[in-house]
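Read in my numbering, the sequence shown has 16 at position 23, and its numbers run on one by one without any break.
Glycine is no exception: its CB is placed at the ideal position from the N, C-alpha and C atoms.
This report refers to the structure that appears directly beneath it.
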Amino acid sequence: RFPRHMDRWRFWAAKSNGYPPELKDRILHARASQAFVSYLGFVGAGDNIHVRSWIPEEVSKDGTLLVAFEVQGGREDGPKALLLRGCMVLSLMSQDAPLVSKL
């Protein structure tokens, strides 16, 4: 369930220029090979969710890229609680690959 959400978040971030320009298209065409969640909190009805995504390291020699996520939630006028912290391992493909993930 969460890998699917992370896949959507990285796609949305890439489409809205949230990643470096030289990696944006490669991230859009990458295949998600693994997902890891290190913390999982709770969210309630009416809570707002804020997602941050970043690339903590450069592309590795084997053509994989790590994309990290942190999700916070809470009421609009209240403090935000940590809901999820995790990352995805992406296998970078050519820019001619279809815009789908196999995770």
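- Gly79 is positioned such that its CB atom lies no closer than 9 angstroms to that of Lys73.
- Counted as a single uninterrupted DSSP element, the beta strand (DSSP E) harbouring Arg78 occupies residues 74 to 84.
- Between Met81 and Arg1, the alpha-carbon positions lie close to 11 angstroms from each other.
- Excluding residues up to 5 positions away in sequence, Leu21 lie with their Cβ nearer than 7 angstroms to the Cβ of Phe4 in the same chain.
- Bounds of the alpha helix (DSSP H) holding Arg19 are 14 to 21.
- Residue range 41 to 47 is occupied by the beta strand (DSSP E) that includes Asn41.
- In the structure shown, the three-state DSSP call for Arg1 is helix.
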